[in-house]
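For reference, each letter of the sequence shown is one residue, going 0 to 723 in numbering that gives the first Met the number 0.
Using N, Cα and C, we set each Cβ at its ideal position, and we do this for glycine too.
Worksheet: the structure to be examined is printed underneath.
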Amino acid sequence: MSGSSFVDQAGTIPTHPQKSDVIVCGACGNPNASGGQFCADCGHSLYEPCAECTKPVLLSQSFCGKCGCDLVAALGKRKSDLESKIADAIDAAKERDFERSQGLLALVTRQTDYRLKDVVAKAKTAQQKIDLVAEQECESASDRIAAAQQAYQAGDSARVVDLLGSLPPKLLTPEASGNLERSKARLEQLERAQASLQEAFQKRDWASSGVILERLMELQPDDESVAKLALKVGKKLISKATGLRETHKYRAASELLQCVPSNARGEAFDQLSDVVDQIGWFANQFSAEPFATATLGRLAKQWAEKSGGDPRAIKTLSRISSRIKGPKSSSRELFAPLEAKSVSWVGGPVGMLAFPEGVDIVDNGPLQSAPGQFNVAIGLALQGLGHGRITEDFSPKKGLLQRLGRKKSNRCWGLDLGTSGLKAVCLETVENERPRLVECYKFAFNTPLTRTTTDANLNDAIREAVEGFLERHDVESTPVWVSFPARELVSRFVRLPPVADKQAKTLFEKEVESRIPLPLDEVVRVNWVAPLPSEELTSTGRPAFVSAAKQQFVDRYLENLTEAGLTVSGLQATPIALLNFASVEFDPLLNPDQEDDEDVESKLPTVALVDCGAEMTIVLMISSASCWFWSFESGGNEFTRLVCRGTKLTHSEGEKLKRNPAAMEHPQVQFETVEQRMEEMHGRLRKVIADVADQHAEFDVQQTWCCGGGTLTHGWVKRILCEK
Numbered sequence: 000m001s002g003s004s005f006v007d008q009a010g011t012i013p014t015h016p017q018k019s020d021v022i023v024c025g026a027c028g029n030p031n032a033s034g035g036q037f038c039a040d041c042g043h044s045l046y047e048p049c050a051e052c053t054k055p056v057l058l059s060q061s062f063c064g065k066c067g068c069d070l071v072a073a074l075g076k077r078k079s080d081l082e083s084k085i086a087d088a089i090d091a092a093k094e095r096d097f098e099r100s101q102g103l104l105a106l107v108t109r110q111t112d113y114r115l116k117d118v119v120a121k122a123k124t125a126q127q128k129i130d131l132v133a134e135q136e137c138e139s140a141s142d143r144i145a146a147a148q149q150a151y152q153a154g155d156s157a158r159v160v161d162l163l164g165s166l167p168p169k170l171l172t173p174e175a176s177g178n179l180e181r182s183k184a185r186l187e188q189l190e191r192a193q194a195s196l197q198e199a200f201q202k203r204d205w206a207s208s209g210v211i212l213e214r215l216m217e218l219q220p221d222d223e224s225v226a227k228l229a230l231k232v233g234k235k236l237i238s239k240a241t242g243l244r245e246t247h248k249y250r251a252a253s254e255l256l257q258c259v260p261s262n263a264r265g266e267a268f269d270q271l272s273d274v275v276d277q278i279g280w281f282a283n284q285f286s287a288e289p290f291a292t293a294t295l296g297r298l299a300k301q302w303a304e305k306s307g308g309d310p311r312a313i314k315t316l317s318r319i320s321s322r323i324k325g326p327k328s329s330s331r332e333l334f335a336p337l338e339a340k341s342v343s344w345v346g347g348p349v350g351m352l353a354f355p356e357g358v359d360i361v362d363n364g365p366l367q368s369a370p371g372q373f374n375v376a377i378g379l380a381l382q383g384l385g386h387g388r389i390t391e392d393f394s395p396k397k398g399l400l401q402r403l404g405r406k407k408s409n410r411c412w413g414l415d416l417g418t419s420g421l422k423a424v425c426l427e428t429v430e431n432e433r434p435r436l437v438e439c440y441k442f443a444f445n446t447p448l449t450r451t452t453t454d455a456n457l458n459d460a461i462r463e464a465v466e467g468f469l470e471r472h473d474v475e476s477t478p479v480w481v482s483f484p485a486r487e488l489v490s491r492f493v494r495l496p497p498v499a500d501k502q503a504k505t506l507f508e509k510e511v512e513s514r515i516p517l518p519l520d521e522v523v524r525v526n527w528v529a530p531l532p533s534e535e536l537t538s539t540g541r542p543a544f545v546s547a548a549k550q551q552f553v554d555r556y557l558e559n560l561t562e563a564g565l566t567v568s569g570l571q572a573t574p575i576a577l578l579n580f581a582s583v584e585f586d587p588l589l590n591p592d593q594e595d596d597e598d599v600e601s602k603l604p605t606v607a608l609v610d611c612g613a614e615m616t617i618v619l620m621i622s623s624a625s626c627w628f629w630s631f632e633s634g635g636n637e638f639t640r641l642v643c644r645g646t647k648l649t650h651s652e653g654e655k656l657k658r659n660p661a662a663m664e665h666p667q668v669q670f671e672t673v674e675q676r677m678e679e680m681h682g683r684l685r686k687v688i689a690d691v692a693d694q695h696a697e698f699d700v701q702q703t704w705c706c707g708g709g710t711l712t713h714g715w716v717k718r719i720l721c722e723k
């Protein structure tokens, strides 16, 4: 503690003088008049605060006159504390923590009290010695760190450890410390790798040897002996993999080839690896496939040819050939089953809905051109004929006189305007007979429409498709219902309590106001509220939904169709058209004939339908009392684009290859991105449908169906809908 600090803490100096009225300075012996704070000769403080009560006391006093504190003992404690700091500084210097050592000694050497001069002198002596050692040590450490940096850059880990390992950590820079740790780790890895290699050699485990040698080449890139040994082991592995390939053990051959060290991977390796991977990919295409398809037949044929007559490939080809010609599970199916009926994780058996049973089809021929792709058009025509669950649509509401004067037609066209083209069907009914499909038409765009397509090009393409349709069909006296894309739709699903219609309508409107994220005067809506349930099913309440589209979009869309010469009788969103189709198609399952009313369950028979179109995928579930649907932007054109990216081919060529990867040069590589995208879709659907199951406890999915052109992509049904 400095002399000045003593005075600052002391406050008022006592006025009572000593007997001699003189205060002698302990530092220089000069007498000073009573009342002074500092020595007039040397400037040393004459007072300090008492260690107990902080009152000013003379430096020469033995006891405090105020509290009786032993001032001599207090001074001794101060000396002891300072000497402890000196000892700590010496210990820190031994640990080469010179910064801390110098800091501790500075606390001692700053003391100005003459009574502590012997302690200060010790601190200064220690400081001189420590400064000298620090200078020598730091100079030596700098030289070592510089040499170690060169050794590290040269990859000489042993030299780095030799130079830096003996230096105290306090003398190492952060970079040098990192180099030392990495070098130690590298040496440990090298030691373990060499021991593992020796063990692998003793066991004649060439696969493990190849992996270890690859690691050793990374650790010792300049060691020629390691490289030569890796070449020898690589040749052994390639030879063994060749033998496994010839005996049709592709997976084992592929695993061995993965262990070949990089310096042994030449042209022979590349050729063998490509053949093994390709045959292995072909061999893995048949497990869990639900249907016997021509695509699978072509894949099996390629497998047999590429493998040189693998008996499993020949047997698989024969089995597929016989099953293709076998009976289908139902008249709706596009393909016959490959094995026993496949089960979907969504619920029930899975099928590909190509030929509807809800309408009479005299000739399946027209539907064969685009199997499973006319269901939306059928749903539109069904609503136009007064069939289906949803009765409202998005077309401008007619006046009362117009609606009363409009004669109900027994014939209706449904036009599904999608991003890939136009698909149309004409249905007719005679008296009370079931609707019958009498005409079918398809037009494909030269270039698929996407979200990036400009409005002008979009309108031109739609007009071209509609005009082409009108040139071939006279629809002047036939109502025409048209679809619009799901991406333009906002839908919200609610569950109302089982109350009467008037109260349900009020509750429903409140839900609409709070759930539709657009001003209601700027949208066109389609509403649906389930009928009041029977007493046994009151737990399901009254499910309902509202779907809204912007009025501006609807007006522009209809205007463009009018300019093409088409009079639109009804406008419906694609998901709702598909919902109407499903409500008619699966009515016998959803509303079975009840022989008695006993044991009515809260679970309702439900059908799941997944429509994978060109750009959108729609998922819906429907029971007798409720329904739900959801759409997301991912479809068949996305698979086509991925194929084109991998093969560098045109869109039309990619469209064919996604359904026939057997024609690809390297399907194991070129089709991989498609498989990955399917897995992503599968995961997304899993999550969404799990949430729906929580919200709709009444759903008991007994059948799962799929349709749309995207589902014809190889592996789609297996990867997205089938139970793994």
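What span of residues does the beta strand (DSSP E) with residue i cover, start to end?
{"i": "Asn31", "result": "Pro30 to Ala32"}
{"i": "Gly350", "result": "Val349 to Met351"}
{"i": "Ala607", "result": "Leu603 to Cys611"}
{"i": "Thr616", "result": "Thr616 to Ile621"}
{"i": "Lys723", "result": "Where Lys723 is concerned, there is no enclosing beta strand (DSSP E), given that its DSSP letter is neither H nor E."}
{"i": "Asp699", "result": "Phe698 to Cys706"}
{"i": "Tyr440", "result": "Arg435 to Ala443"}
{"i": "Arg410", "result": "Arg410 to Leu416"}
Where does the unbroken alpha helix (DSSP H) through residue i begin, and where does it stop?
{"i": "Glu466", "result": "Asp454 to Arg471"}
{"i": "Pro156", "result": "The sequence given here has Ser at residue 156, not Pro. From DSSP, the alpha helix (DSSP H) with Ser156 extends over Ser156 to Leu163."}
{"i": "Ala303", "result": "Ala293 to Lys305"}
{"i": "Glu427", "result": "Looking at the DSSP string, Glu427 is not in any alpha helix (DSSP H); the run it does join, the beta strand (DSSP E), is Gly420 to Glu427."}
{"i": "Gly364", "result": "Gly364 to Gln367"}
{"i": "Gly279", "result": "Glu266 to Ala282"}
{"i": "Phe670", "result": "Counting along the chain, Phe670 falls outside any alpha helix (DSSP H), and DSSP gives it neither H nor E."}
Can you say whether residue i is buried or exposed, counting buried as having 16 or more other CB atoms within 10 angstroms of its CB?
{"i": "Pro260", "result": "buried"}
{"i": "Gln571", "result": "buried"}
{"i": "Gly540", "result": "buried"}
{"i": "Gln126", "result": "buried"}
{"i": "Pro717", "result": "Sequence inspection shows Lys at residue 717; the Pro mentioned does not correspond to that position. Result: buried."}
{"i": "Glu614", "result": "buried"}
{"i": "Pro55", "result": "buried"}
{"i": "Leu519", "result": "exposed"}
{"i": "Ala376", "result": "buried"}
{"i": "Ala32", "result": "exposed"}
{"i": "Thr451", "result": "exposed"}
{"i": "Thr124", "result": "exposed"}
{"i": "Asn374", "result": "buried"}
Is residue i helix, strand or coil when you go by DSSP?
{"i": "Ser490", "result": "strand"}
{"i": "Lys227", "result": "helix"}
{"i": "Ile515", "result": "coil"}
{"i": "Glu98", "result": "helix"}
{"i": "Glu217", "result": "helix"}
{"i": "Phe334", "result": "coil"}
{"i": "Ser343", "result": "strand"}
{"i": "Cys643", "result": "helix"}
{"i": "Asn526", "result": "strand"}
{"i": "Asp130", "result": "helix"}
{"i": "Lys657", "result": "coil"}
{"i": "Ile319", "result": "helix"}
{"i": "Leu495", "result": "strand"}
{"i": "Gln197", "result": "helix"}
{"i": "Pro542", "result": "strand"}
{"i": "Val481", "result": "strand"}
{"i": "Ser651", "result": "helix"}
Is residue j closer than 8 angstroms to residue i when the C-beta atoms are compared?
{"i": "Ile719", "j": "Asn559", "result": "no"}
{"i": "Val225", "j": "Trp205", "result": "no"}
{"i": "Ser330", "j": "Glu356", "result": "yes"}
{"i": "Phe442", "j": "Leu421", "result": "yes"}
{"i": "Leu103", "j": "Lys84", "result": "yes"}
{"i": "Gly378", "j": "Leu577", "result": "yes"}
>> So within the region 13 to 92, which uninterrupted beta strand (DSSP E) runs reach at least 3 residues, ignoring any that extend past its ends?
In response: Counting only runs of 3 or more residues that sit fully inside the region 13 to 92, the beta strand (DSSP E) segments are 21 to 23, 30 to 32, 46 to 48 and 55 to 57, in chain order.
>> Which runs of the beta strand (DSSP E) at least 3 residues long sit entirely within the region 545 to 597? Give them in chain order.
In response: For the beta strand (DSSP E) assignment, the uninterrupted runs of no fewer than 3 residues enclosed by the region 545 to 597 are, from N- to C-terminal side, 569 to 572.
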